[in-house]
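Below is one structure, written out as structure tokens; comments come after it.
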Amino acid sequence: MAKKREEYHVRSVQRALQILDCFSDQEPYLGVSEISQKLCIHKSTIHALLITMEDEGFVAKDEAKNKYLLTYKLFKLGNIVSEHISIKSVAIPYMTALCKQTNESVALNVREDGKRLVLAVVENPQPVRLFVRAGQQLALHSSAAGKVLLAAMQPDQIDSVIEREGLARVTPNTITDRDALLAELALVRERGYALCNGEGYWEAGSVGAPVFDHSNNVVASLTIYGPLQNYLGERLERFIADTKATAAKISGVLGYNG
1 MAKKREEYHV RSVQRALQIL DCFSDQEPYL GVSEISQKLC IHKSTIHALL
51 ITMEDEGFVA KDEAKNKYLL TYKLFKLGNI VSEHISIKSV AIPYMTALCK
101 QTNESVALNV REDGKRLVLA VVENPQPVRL FVRAGQQLAL HSSAAGKVLL
151 AAMQPDQIDS VIEREGLARV TPNTITDRDA LLAELALVRE RGYALCNGEG
201 YWEAGSVGAP VFDHSNNVVA SLTIYGPLQN YLGERLERFI ADTKATAAKI
251 SGVLGYNG
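Read left to right, the sequence shown gives residues 1 to 258 (our numbering).
Below, the structure is given as structure tokens:
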């Protein structure tokens, strides 16, 4: 029988990483006792780990404060990540897994010039498909993907998009009223996901969830989409859970810790 993932964890490494995660903009300096209280780990263990991390250059001790702080070594590693990682390259393996899990097509979307840019698509193998191509620019208001991106914007930015792009009726189900759209976006923020019921493509349904980066900003939306009859009842609830979970995994790789 294969080992569970947790059985491979190295306790000391796990604790050292947890120590790093204790530091924040609000608490850039932390003492042994403070970290011990945060992690519920004995002070002697914390002290030993900090000495090791200090010798390896990941933390430094401010003798005047008798507290530790993070070093530029982490900044250097962060720069390597930011320069060589892309949302698309991170997302594709997770999108492929989500496609297999739900048997629905999956798209990754970003906001560009007041529209939704389809960054990547993983199509399901079913003969009946709704063709969405990578590189397409589509309206923000008429899809779950777009509503997730709109919901993350500031009110004045949303007004600017509505004023410039309008709220064109793509199908009879498209939201074309400003107040109705704002109410829908408030619901998206509250739930943490968006739904689309034939608003962008007739008889097509979709579920969208936000993808966050290390600055806690929404940088993309992850969506699954397919025939509207698939997006009902228990299947819809499962789709919502699967989409949110996958978006959270991608966010985690991008450094989000919300």
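Note that CB positions come from ideal geometry on N, CA and C, so glycine has one too.
Cα-Cα separation, residue i to residue j
i: Gly198; j: Asp25; result: 44 Å
i: Val110; j: Glu237; result: 24 Å
i: His9; j: Val132; result: 40 Å
i: Glu203; j: Ala183; result: 23 Å
i: Ile175; j: Glu234; result: 25 Å
i: Leu228; j: Ala91; result: 25 Å
i: Arg191; j: Asp62; result: 43 Å
i: Gly258; j: Leu185; result: 20 Å
i: Ser12; j: Tyr29; result: 22 Å
i: Tyr68; j: Gln14; result: 19 Å
Identified DSSP bridge partners for residue i
i: Pro172; result: According to DSSP, which records beta bridges pairwise, Pro172 is partnered with nothing at all.
i: Asn197; result: Gly205
i: Ser105; result: Tyr225
i: Asp62; result: Lys67
i: Leu117; result: Val110, Gln137
Per-residue DSSP class, three states only, for residue i
i: Glu112; result: strand
i: Gln260; result: Not covered by the structure: residue 260. The range shown for the chain is 1 to 258.
i: Gly31; result: coil
i: Asn257; result: coil
i: Leu222; result: strand
i: Pro210; result: strand
i: Tyr68; result: strand
i: Val122; result: strand
i: Leu167; result: coil
i: Lys4; result: coil
i: Ile162; result: helix
i: Leu232; result: coil
i: Ala241; result: helix
i: Ser251; result: helix
i: Ser215; result: coil
Pair within 7 Å by beta-carbon distance, residue i and residue j
i: Arg178; j: Ala151; result: no
i: Ala144; j: Cys99; result: no
i: Tyr193; j: Ile240; result: yes
i: Thr223; j: Ala120; result: no
i: Lys115; j: Gln101; result: no
i: Gly200; j: Ser142; result: yes
i: Ile41; j: Val32; result: no
Rounded Cβ spacing between residue i and residue j (contact assumed at less than 8 Å)
i: Ala209; j: Val148; result: 7 Å
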